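Q: One structure follows; several queries about it will come next.
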Amino acid sequence: MFFTAGNILLVGSILLFVSIIVGKTGYKFGVPALLLFLVVGMVFGSDGLGLQFHNADEAQFIGMVALSIILFSGGMDTRFNDIRPILAQGIMLSTVGVLLTAFFTGFFIWWISGMSWSNIAFPVTTSLLLAATMSSTDSASVFAILRSQNIHLKHNLRPMLELESGSNDPMAYMLTIVLIQLVQASGMSGGDIALSFAIQFIVGGALGYVLGRAAVFMLNRLNIDNQSLYPILLLAFVFFTFSVTDLFKGNGYLAVYVAGMIVGNNKIKYRKEITTFMDGLSWLFQIIMFLCLGLLVNPHEMLEVALVALLIGIFMIFIGRPLSVFLCLLPFRQMTARSRMFVSWVGLRGAVPIIFATYPVVAGIEGANMIFNIVFFITIVSLIIQGTTISAMANKLGLSKPMEKTGNEFGVELPEEINTNLNDMVISPEDIANGDTLKDMSLPKGTLVMIVKRGDEYLIPNGTMRMQVGDRLLLISERVESNGLPMEK
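For the sequence shown, position 394 matches number 385 in the numbering used here, and the numbering has no gaps at all.
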């Protein structure tokens, strides 16, 4: 059965529905939802229920759109204050770490190629190409697993891992493109390679910053009557940022991630609505991307490379990735050995390596289909072994910490431009020891009580209202800076 204009909405809606139900069920057992989305695609694919989807170009395009949205959304959730202490470590992992992972894994693949028991016979350049496609950690997998499982980590490890996964795709992308050119005997000189890398990173970073600032300016200065159009305006900026950066030979993935950080760390109108829209869109495209990649693969072909792929995957998880991480983090003496071990373990592979593995297929590289099947198999291995054990590994290494409370129990939020904080408190016997009315309570200066929740009742308070033990109060106060002075409006 092929996708047609007549059935694409029907089939697509069924696939989305099944993916969400399966993902919800799998979450209870600690199985990454993204792995299940891949499995759903495989079940409905050519070796399963017979849906035919074999266009690597279309899968590549879907992946490009999806990654732009996912990286931008991830950038919006990245706080400068969180990444500033670990910026150097994150950059080292996302550049040198990717290079070392590709180097170690590539030579391991070359070493086992041609052995009597092996069914691959890749030359060194093709071996390095295979390694390059899966040399970066997958942003979609890392963001989704760390956030959906509410994993809270010590020593700023979470922002470090998210920064690495959000910014290391450009290096893997460049390595993949350069090695494809080398395999095709139209290789670049060392100087050309270095120049291309520099242009990709400088142009990508610069345009991401400039266009991110432009997006903030437009969101705050344009007076649009319909507030629902603000998220759509931002979405247009995401695609514009990627396309313009690519037009100027920069790296679009880096640009949208940087632009997302700029937008996320500045005041913008309707932040709650925009964030909700981008989060929903990010999940939608993660599902679509993993479903398409699951449909693209022929599972029976993976069986032919299962042994080799399993060996390569085990090497990456237990040797290649840890060795790269420990070498990259050698200059950072303050990091504990347990922290380095955990960073090594969160080397998740996901949709990005599979998408990068479509580039050799589109370029017509000899053995490209085998490369794609190996990368797909290793992605499944990584999501099963690493994705299902991240929380357990954090606990085992003593790196988990209690969940920090954010927001309030009432679900009330105010626009950012109103310089106020919303908090809640529960009345204890000590709070009403000197009197049980609001005017008798010693609330901080400048703090007002907006709502009182008593059981299932919500009450509008006044100064003479009598409080009871167990009442929950929603408090509003003026936001202050670290020096104790009110923030300027």
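Note that the Cβ used here is the ideal one computed from N, Cα and C, for glycine as well. Model, not experiment: these values are computed from the prediction.
With DSSP collapsed to three states, give me the class of LYS480.
A: At LYS480, the pLDDT of 42 sits below 50, so the modelled position is not reliable; the number obtained from the coordinates is stated separately. The answer is coil: DSSP assigns LYS480 none of H, G, I, E or B.
Q: Below 7 Å CB to CB, which residues in the same chain sit around PRO290 once its five sequence neighbours on both sides are set aside?
A: MET33, ASP38
Q: Roughly how many angstroms separate the alpha carbons of GLN80 and GLN191, rounded to a whole number?
A: Between GLN80 and GLN191, the C-alpha separation is close to 21 Å.
Q: By the 10 Å Cβ neighbour count, where 16 or more other Cβ atoms means buried, how is GLY426 classified, buried or exposed?
A: Only exposed fits GLY426, as fewer than 16 other CB atoms lie within 10 angstroms of its CB.
Q: Does the segment 315 to 329 come into contact with the segment 264 to 278, if we say contact requires no fewer than three beta-carbon pairs (one atom in each stretch) closer than 8 Å?
A: In short, these stretches do not touch, since the Cβ pair count stays below three.
Q: Specify whether the segment 38 to 54 and the segment 212 to 228 touch according to this definition: at least 3 beta carbon pairs, one from each stretch, less than 8 Å apart.
A: no
Q: Taking the C-alpha atoms as reference points, what is the distance between THR411 and LEU137?
A: 29 Å
Q: Can you have a look at LEU202 and say buried or exposed, based on whether 16 or more other CB atoms are within 10 angstroms of its CB?
A: buried
Q: How is the beta strand (DSSP E) around ASN46 delimited, first residue to last?
A: That residue, ASN46, is in no beta strand (DSSP E); it is neither H nor E in DSSP.
Q: Where ASP462 and LEU429 are concerned, what is the direct C-alpha to C-alpha distance, given to the nearest angstrom?
A: 12 Å
Q: Below 8 Å between beta carbons: does that hold for TRP84 and GLU153?
A: The sequence shown places Leu at residue 84, not Trp. No, the Cβ-Cβ distance between LEU84 and GLU153 is not below 8 Å.
Q: Less than 8 Å separating the beta-carbons of PRO351 and ALA359?
A: yes
Q: How big is the Cα-Cα spacing for LEU170 and ASP237?
A: 19 Å
Q: Can we say the segment 124 to 136 touches the segment 161 to 168, given the rule of at least three CB pairs closer than 8 Å?
A: Yes, since at least three Cβ pairs between the segment 124 to 136 and the segment 161 to 168 fall closer than 8 Å, the two stretches touch.
Q: Answer with buried or exposed for THR455, where buried requires no fewer than 16 other C-beta atoms within 10 angstroms of its C-beta.
A: exposed
Q: Would DSSP call MET209 helix, strand or coil?
A: Helix at MET209.
Q: Using beta-carbon positions only, say whether LEU6 and LEU282 come within less than 8 Å of one another.
A: yes
Q: Using only the alpha-carbon positions, how far apart do ILE303 and PHE367 sit?
A: Approximately 12 Å, taken between the alpha carbons.
Q: Counting C-beta neighbours from all protein chains within 10 Å, is the total for LEU433 16 or more, i.e. buried, or is it exposed?
A: With the sequence shown as reference, residue 433 is identified as Ser, and Leu is not the correct amino acid for it. With fewer than 16 other Cβ atoms within 10 Å, it is exposed.
Q: Distance check for GLY355 and ASN386, CA to CA, integer angstroms please.
A: 45 Å
Q: Rounded to a whole number of angstroms, what is the C-alpha to C-alpha distance between LEU284 and ASN159?
A: Computed Cα separation, rounded: 21 Å.
Q: Give the straight-line distance between the Cα atoms of MET481 and ASN(-2), rounded to the nearest whole angstrom.
A: This structure leaves residue 481 out entirely; the chain is present only between -8 and 480.
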